[in-house]
Amino acid sequence: MCEGALFLWLKGENWLSYSFWKKILRCFIGAWTVPALFIYLLLLILGVPAVLPLTFSDSVSYHLAYAVDWANAGRIYVDPFLRFPYYANNFLLFYSALFVLKLGSYCHFLNWLCGLLTCLGVLAFFTPIENQFRGGIPTWKLFRAPQFLIPLSVALSPVFLRYLNVAFIDIPIGLFLLIPILCAYRSSPSQPFERELVVTAAFCGGMKLTLIGHLPFFVGSLLFATARRLHRRQMAILCLLLVGLSLPWYLRNLFEAHDPTPPVFNFLFKHPDPIFKDDPFPYTADTLTERKPSQLLLLPFRFFTFPQSNNFREWGVTALVLLSYAPILFLLSQVFWRERWRAPPRLIYLSLAAAYLPLPWLFSSLGRYALHWYPVLAAWVGVMVSDICARTKAIWSSRLVTSITKTFAAVFCIALIIPSPARSSMPFYRDYYGLTCSLLRFDIPLKDYLKKDLSGYSASQAVVATLVSNQKTNTRVLLLPGIAGLTFYLRKANIISVGDYTGPAGYMELWTGVQEGNCLPYLTRLDISVVIVQPHHEEAWWPRFYDPFRSQLKEYGFSEYRTGERNIAVFLRSDVRPGRKLIPVNR
214 MCEGALFLWL
224 KGENWLSYSF
234 WKKILRCFIG
244 AWTVPALFIY
254 LLLLILGVPA
264 VLPLTFSDSV
274 SYHLAYAVDW
284 ANAGRIYVDP
294 FLRFPYYANN
304 FLLFYSALFV
314 LKLGSYCHFL
324 NWLCGLLTCL
334 GVLAFFTPIE
344 NQFRGGIPTW
354 KLFRAPQFLI
364 PLSVALSPVF
374 LRYLNVAFID
384 IPIGLFLLIP
394 ILCAYRSSPS
404 QPFERELVVT
414 AAFCGGMKLT
424 LIGHLPFFVG
434 SLLFATARRL
444 HRRQMAILCL
454 LLVGLSLPWY
464 LRNLFEAHDP
474 TPPVFNFLFK
484 HPDPIFKDDP
494 FPYTADTLTE
504 RKPSQLLLLP
514 FRFFTFPQSN
524 NFREWGVTAL
534 VLLSYAPILF
544 LLSQVFWRER
554 WRAPPRLIYL
564 SLAAAYLPLP
574 WLFSSLGRYA
584 LHWYPVLAAW
594 VGVMVSDICA
604 RTKAIWSSRL
614 VTSITKTFAA
624 VFCIALIIPS
634 PARSSMPFYR
644 DYYGLTCSLL
654 RFDIPLKDYL
664 KKDLSGYSAS
674 QAVVATLVSN
684 QKTNTRVLLL
694 PGIAGLTFYL
704 RKANIISVGD
714 YTGPAGYMEL
724 WTGVQEGNCL
734 PYLTRLDISV
744 VIVQPHHEEA
754 WWPRFYDPFR
764 SQLKEYGFSE
774 YRTGERNIAV
784 FLRSDVRPGR
794 KLIPVNR
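For the sequence shown, position 147 matches number 360 in our numbering, and the numbering has no gaps at all.
As C-alpha cells, then:
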C-alpha cells in the first residue's frame, strides 16, 4: 500500500483506476513480438514440473518454512530455530501471501513466472533497431534469430532449469537484478524509468542480506539514468528513497538483535553473535571458492567443463558462461581504441554492469549463484550481436553481406546454447524432459507424490496427528540430518521443528551430549517430545552416533515407533500417546 501511495505521488497515476489498467493492458498486448511469444510458449512447457508438490532441499527446509510460519502467525517474527533467522527476506513475503490466500501449492509457479520474466527481460534489451525506421510494420512481425536464441542460452541452461520450478530464490534474485539495469539502460526523456528502477532495486536489496552490497551500484545506475534529465534535488530524493526502501529488514535486525548482519558474517569476521553460539564454519567452509589466482581466473571455464565439482555442484551450464570475461575485454578496448569506435554511454553502462555483477561469485562460486548475473551477461551478448548486425547492414548495403552476417549471428547464438560437455548434462536433460512428458500424459499421480519422493513425509503426518490428539502442539520435534525437508510440513501444521548445524538447536551440542553419555539436557532445554531420524546413513561415523543416541532416548523414557516408510524411526516421549499410524518397535 505504501508503494501504491508513492506511485500515485511520484507518477501521478492511480493504480486502482480503470483507465490505468486499461492503459497497462494495451501496452501489454502491443509489446508482444514473435520471439517473445515463442519464449512464452517454450517456458509454458518447461514450467510443467511446477505442478509437483513442494519437496526440494532449502525450499522446504528454509524459505517456505519461514513463509508458512508468518502466514500462520499473521505477522513477521524472528524464529531462532529456523536457518539464518536475521536475514532479509522480501521475496518470502510473496510466498506468505500465497499461503494466506490458501494458494501455497502454487509457490513454484511464482518462481516460474520470475524465470519467464527473466527471459523476456533479456529479450527487451535488444528490440529490433528497424522499429524506429520501419514504423509501418507491426512490432510482432519483426523477427530475427538472435532475438529468440539469446534468451534460450539462459532458459535451456541446466542450472536454470534445475531451479525454475522450485522455491529457491536465485532465479528471482537474477530477475530483480536484471530489471533495474534494464530500466537504466532503456531510460530516455521520452520513456523515463527511474521510478521503476528505484522500486525494483530497493526490493532487490531486501531479498537477501548480501544483496545490500549492490546498493552503491543501484545508486550509480539511478544517477546514470537521471543525470541529464532531472535536477540534483530530484535525483537526491530518488537516491534517498531507494536507500530507505532497502533498509527495513536491516533496521529490524539492528533493533531486535542489535546487529544488522547475519550470524555467518559475524563468525567469518570474528564478531560476537547475539543468537548463534556454535561455530558455523564447518557448515559454510565448503561453499567458499579457492583463493588461488589461477583458479579464480579459470572459474567460468571450470564451471563449463566440470560443473559437478565442489565449487559448483550443478549438472551443467550453457556455453554462454565462456563469455564471462567478454564485457571486461570490451571495456578495455574502449580505453585503448575508443578513437576508432566510441560506444554509446548506455552500452558502456551495460558492459560495466555485466563485468561487475559476477564479482561476488568469486567468493562463493556455487553454480546456482551464477543465476544472479547470468541474465545480464546474456543481455549484453544480445545487445552486442544486434549492434554488430545493424552496423554491418549500415556499412555494406548488400543483401549477400547481410545474409552472411545473419547466418553467422544465428550460428554463434546457437553455439551459446550448447550445454556443458560433462556427462551430467545429458542425463539431466533426459530426466527433466522425461518428467515433463510424464506429467503432460498424467502418468505421475500427484496425490501420492509426497509419500514416494519426500523421505519421512508419512511419519511427519503421523506425528502431527499424534501431537494434535495429545494437545502437545506447543512442544517441539527434533529432526536429525537427512530429513530437514519435513520442516515445512511440520510448520504448516503449526508444529515447531528444531535441529540444524547452527543456531540454538545446533547438532554439535547434541553430538557432544551423546558422546558424554547424557543428551537429556539438550532434549529438556528444547522441550523435545518427538524425535524423527533415519537409522541408516551412508556416513561411516553415523552408527557411532545413532546407536548410543537410541539407547539414551529409551533410557529417558522415549519409545520407538515406525510407519510404513523405510529407514524412518520416530521416538515419542513418555507423556505422548502414539497415534494409530505409528507402529511400536518391541526390540
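Note that CB positions come from ideal geometry on N, CA and C, so glycine has one too. If you're wondering where the values come from, they're calculated on a predicted model, not measured in any experiment.
- In this chain, the beta strand (DSSP E) harbouring Leu692 covers 689-692.
- The three-state reading of DSSP puts Gly792 in coil, since its state is none of H, G, I, E or B.
- Counting every other CB atom within 10 Å of its CB across the protein chains shown gives Asp760 a total below 16, marking it as exposed.
- Boundaries of the alpha helix (DSSP H) around Arg446: 445-459.
- Assignment of Tyr642 by DSSP, reduced to helix, strand and coil, places it in the helix class.
- Secondary structure note for Val412: it is in no beta strand (DSSP E), and the uninterrupted alpha helix (DSSP H) holding it is 407-418.
- Per DSSP, the beta-bridge partners of Leu785 are Val743, Ser772.
- For Ile657, no alpha helix (DSSP H) run applies, since DSSP gives it neither H nor E.
- The beta carbon of Tyr645 sits closer than 6 Å to the beta carbons of Leu374 from its chain, once the five residues preceding and following it are set aside; these are given in chain order.
- Leu257 places its beta carbon 9 Å or farther from that of Trp283.
- Burial is judged here by how many other beta carbons sit within 10 angstroms of a residue's own beta carbon; Ser616 has fewer than 16 and is exposed.
- Note that the C-beta distance between Leu533 and Ile630 is below 9 Å.
- Comparing alpha-carbon positions, the option among Leu316, Thr715, Leu314, Gly387 lying closest to Gly328 turns out to be Gly387.
- Under the three-state reduction of DSSP, Thr605 is assigned to helix.
- Rounded to whole angstroms, the gap between the alpha carbons of Pro734 and His427 is 44 Å.
- Contact between Pro293 and Pro694 is ruled out by a C-beta separation of about 19 Å, above the 8 Å threshold.
- Between Leu255 and Lys794, the alpha-carbon positions lie close to 44 Å from each other.
- Judged by their CB atoms, Pro791 and Tyr774 are nearer to each other than the 9 Å cut-off.
- In the pairwise beta carbon analysis, the segment 658-672 is classified as not touching the segment 563-583: fewer than three pairs are separated by under 8 Å.
- In this structure the segment 400-419 does not lie against the segment 609-626, because fewer than three pairs of beta carbons, one per stretch, are closer than 8 Å.
- The continuous alpha helix (DSSP H) containing Ser671 extends over residues 670-682.
- Under the 8 Å Cβ criterion, the segment 396-407 does not count as touching the segment 365-382, having fewer than three qualifying pairs.
- CA-to-CA, the gap between Ser507 and Trp550 works out to about 28 Å.
- Apart from the 5 residues on each side of it in sequence, Tyr319 sits with its Cβ closer than 7 Å to the Cβ of Leu311 in its chain, given in chain order.
- Shown here, Asp713 sits in a strand according to DSSP, grouped into three states.
- Under the DSSP assignment, Glu503 falls outside any alpha helix (DSSP H); it carries neither an H nor an E label.
- The continuous alpha helix (DSSP H) containing Asn324 extends over residues 320-337.
- One thing to note: Val789 has its Cβ no nearer than 9 Å to the Cβ of Leu766.
- Note on Lys315: under 16 other CB atoms within 10 angstroms of its CB, so exposed under the neighbour-count rule.
- Take Asp740, set aside five residues on each side of it, and the residues of its chain with a beta-carbon closer than 7 Å to its own are Thr688, Arg689, in chain order.
- Under a 10 Å Cβ-count criterion, Glu752 is classified as exposed, with fewer than 16 other Cβ atoms of the shown protein chains found around its own Cβ.
- Taking all protein chains in view, the Cβ of Pro298 is crowded by 16 or more other Cβ atoms within 10 Å, so the residue is classified as buried.
- In the three-state DSSP reduction, Thr531 falls in the strand class (E or B).
- Distance from the CA atom of Val247 to the CA atom of Phe361, rounded to whole angstroms, is 8 Å.
- For Gly719, the three-state secondary structure derived from DSSP is strand.
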